[in-house]
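First comes the structure, then the notes that go with it.
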Amino acid sequence: MNMRSRLNERLATQRDQPTTAIPSGIRRIVRGVSGGDEAGAQLLRGLAWKFRTFLILSVIANVCAAVFEGGTMAILTAALEYVGGSSDTLDQLGTVSNITQSFEEHFGMGGVFGALVGLAVLMQIGRSWFDFSAQSAAAYLRAWSEGDLRRRIFTQFTTLSYANISKYKVGDLSSFVGEVDRVGNLITFANHLIGHLTIIFAYTVILFWLSWQLTLIALLGVLLLSFSLRSVRGHIRQRSTRFMNAYVSINTRIIEFLGGMRLLHTFHQQSYARESVEATIDDSVRARRQSMILASSVPAIVQSLTIIGVALFLTVGYFAVQRTGDTTLIPRFVTFVFIVYRMLPRVTGLNAALARVNEEFPFATRLAAHLRTDDKQYLQSGTLPFLQLNESIKLDNVRLRYADTQHDALTGISLTIKRGEMVAFVGESGSGKSSIVSLLLRLYDPTSGEILVDGTSVEKLKRGDWLGRIGVVDQNTFVLHASVRENVRFGRLDATDAEVEQAAKIANAHDFVMELNEGYDTIVGDRGQQLSGGQCQRLAIARAVLRDPDILILDEATSALDSQSERFIQDSVGALRENRTIIIVAHRLSSIMHADSIHVLRDGQITESGTHQELIAKKERYYSFWQLQSSS
Ligand code: ADP
Ligand code: MG
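Taking this note's numbering, I'd label the letters of the sequence shown as residues 137 to 768.
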């Protein structure tokens, strides 16, 4: 099975499991809470399913905590009533009342009261530890989920096809990683939600037992309240989405400017950089402020409304007692109000958690869009091993059109590169030379036509095998932030130090490396010692040479070099020609005049082919290029 289908299978199981395993009721609740956002909700469901052990543990611990909390309330009610001379509640507590009866015989009323209070205390201690357990399970859930998301983000980045990944902006990766924290918050708040809900449920059971009529009224109030805050939650989410977009765009700009620091300085355009993010920063400040203020207004709203509710309750209770004249109702009623009052922070917490969930949700949605697999292209690899080139590479009517462009970059290229040959491409910039190289490197696949390696389509070969036999140097030499040695060794990770130096000598890099402060151990790249363009180029050539490739591709590899270094490289390339296929793109015709065949490209088409002598004799484009260059 190839990598793509394995990956797809794995991702498909990740996607499908939660949908089949989680009852639709829960799915509807999640969607309701999250505002009906399918992608983000699906991401969370996937995590919940994957780490269900922790979720289940958290729910169990929360339920236990709730039972203990409810139990405490019942025992306290009983204890108070007992002191007040009534045993209504105790009688309803069944077994407990049997125990207290025998207790009363041995230790008297004080003993029973003490025992009840002691029991309540024990239950509260138990509740605290169950709370702790619930939070620990939630911490595990969050940590594992965050790790899982980070891993998936990087897997996405490394398994997407080049065509797909190159559409991302540089700032995206860093903002995705930041978004993982926000999704982590989301998990914490969702867990608070579960905690509050279970405790509220426990309180409700006790309240029902005290007076079901009053409880129904109270529940109706809570539901109405939570429902009426829906629009506030909607606003929070909207502001938070706006903040997120601004944040991502600022992030992207910052990273872009960091990369273009030299440009900013040389053109003295720092103020342009500042001004270009100014408006976005303003918008982010506005949106962030609004969403946070809205979220923190929720507790105030809930508390104000509920305290009015409690006052109404007291009034109703007062009239009820007056009308019936039944004063024994008073302790029950007081207990009822006491429990409602204890429940209020939970109702506030529930709504606050809902608000925070809405604040974090847009980040889950954006992450979900990145982690989606069905709308992206992944690296494709064939299954056939490839050891070496035996005969030829053949391009058969190859056409390439880049995504989102109107014209073909290559319009039907047909040519054969024989093993051991040196083949050159020349042409004006934009004529398609690098596009041919990209196709050979499988950065893109032909829109139509085929590339045949010894008669087999290159797409059927194992990608690693094929690329493992190619060494490439192009215009975009990239120097890693590492020592010179590591930079060269990147070409073949198991190369010895001696092989690294040998490759550097061939690439004409050894001498300048020896002049660096610490020779091969000098750190170069981003924050290291700066190298000149030509020096970077020579390291890149050493890197390619170290691979001892079957096929060497040089795409304007020597254009950053002075003519003397270029001559050196030409000599080394000459030495490397033995037993090697060389594909070379060059502006300076002097470096390719010894090629076995030269193809002249124009607008994605080959217009002339032949050896240097043949093309000169033709007196067409190549001839005019040659004249132009030899006269200067
Ligand atoms: P050359 O190497 O001969 O200068 P290229 O092969 O790089 O030319 O480019 C050929 C054409 O394809 C140009 O018109 C260029 O704008 C276009 N092109 C190159 N790379 C891409 C890309 N990644 N996406 C879209 N268009 C591209
Ligand atoms: Mg090019």
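Don't be surprised by glycine CBs; every beta carbon is placed ideally from N, CA and C.
Quick caveat: nothing in here was measured; it's all calculated off a predicted structure.
- For V620 against V660, the beta-carbon gap comes to about 6 Å, under 8 Å, which counts as contact.
- Inclusion of S570 in the 6 Å shell around the ligand MG follows from its C-beta lying nearer than that to a non-hydrogen atom of the ligand.
- Membership of V636 in the alpha helix (DSSP H) is indicated by the continuous run 633-642.
- Residue environment: L507 is assigned as buried (16 or more neighbouring CB atoms within 10 Å of its CB, all protein chains considered).
- DSSP, read as helix, strand or coil, puts G746 in strand.
- Annotation for F187: L277, W280, S281 place their beta carbon closer than 7 Å to its own, counting only its chain and skipping 5 residues before and after.
- Its Cα nearest to that of P521, the residue K596 stands out among K596, V476, V624.
- Taking 4 residues as the shortest admissible run, the stretch 276-304 contains the following complete alpha helix (DSSP H) segments, listed from N- to C-terminal end: 298-301.
- C-alpha of D284 to C-alpha of R555: approximately 46 Å in a straight line.
- Within the chosen limit of 6 Å, the ligand ADP reaches the beta carbon of S567 through at least one heavy atom.
- Not one heavy atom of the ligand ADP is found less than 6 Å from the C-beta of A500.
- Here DSSP, grouped into helix, strand and coil, assigns N715 to coil.
- Counting other Cβ atoms within 10 Å of its Cβ, D511 stays below 16 and is therefore classed as exposed.
- Excluding residues up to 5 positions away in sequence, S570, V573, D610, V721 lie with their Cβ nearer than 6 Å to the Cβ of D691 in the same chain.
- Within the stretch 310-379, no run of beta strand (DSSP E) at least 3 residues long lies entirely inside it.
- Annotation: D510 is outside any alpha helix (DSSP H) and is labelled neither H nor E by DSSP.
- In the three-state reduction of the DSSP assignment, K755 falls in the coil class.
- With fewer than three CB-CB distances shorter than 8 Å, the stretch 232-244 does not count as touching the stretch 359-374.
- If the five residues before and after I386 are omitted, its C-beta is found closer than 8 Å to the C-beta atoms of V413, T416, I417, S420, all from its own chain and listed in chain order.
- In the three-state scheme derived from DSSP, where H, G and I count as helix and E and B as strand, N653 is classed as coil.
- The alpha-carbon of Y759 is positioned some 44 Å away from that of L629.
- Within the model, the alpha-carbon separation for M428 versus A436 is close to 13 Å.
- Judged by pairs of C-beta atoms under 8 Å, the stretch 531-542 does not touch the stretch 479-490, as fewer than three such pairs exist.
- DSSP places G585 in the strand class (E or B) of the three-state scheme.
- The DSSP-derived three-state label of H723 is coil.
- In its chain, beyond the 5 residues on either side, A696 have a beta carbon closer than 7 Å to the beta carbon of G669.
- Separation of the CB atoms of V434 and V476 is rounded to 19 Å, and the pair is thereby denied contact status at 8 Å.
- About 7 Å separates the CB atoms of V248 and Y218; that is less than 8 Å, so the two are in contact.
- Across the set F393, L523, H328, the C-alpha of L523 shows the shortest separation from the C-alpha of G604.
- Within its own chain, the residues whose Cβ lies closer than 7 Å to the Cβ of D601, once the five positions on either side in sequence are excluded, are P521, F522, listed in chain order.
- Around the beta carbon of G461, fewer than 16 other beta carbons lie within 10 angstroms, which makes this residue exposed.
- Counting C-beta pairs with one atom in each stretch, the stretch 732-740 and the stretch 704-715 have fewer than three that are closer than 8 Å, which means they do not touch.
- Looking at the backbone, the Cα of R375 and that of N381 are separated by about 10 Å.
- C200 is the residue among T402, D684, D581, C200 whose C-alpha sits nearest the C-alpha of S269.
- R535 sits in a strand when the DSSP states are folded into three classes.
- Using a cutoff of 6 Å, the CB of T541 counts as near the ligand ADP, since one of the ligand's heavy atoms is closer than that.
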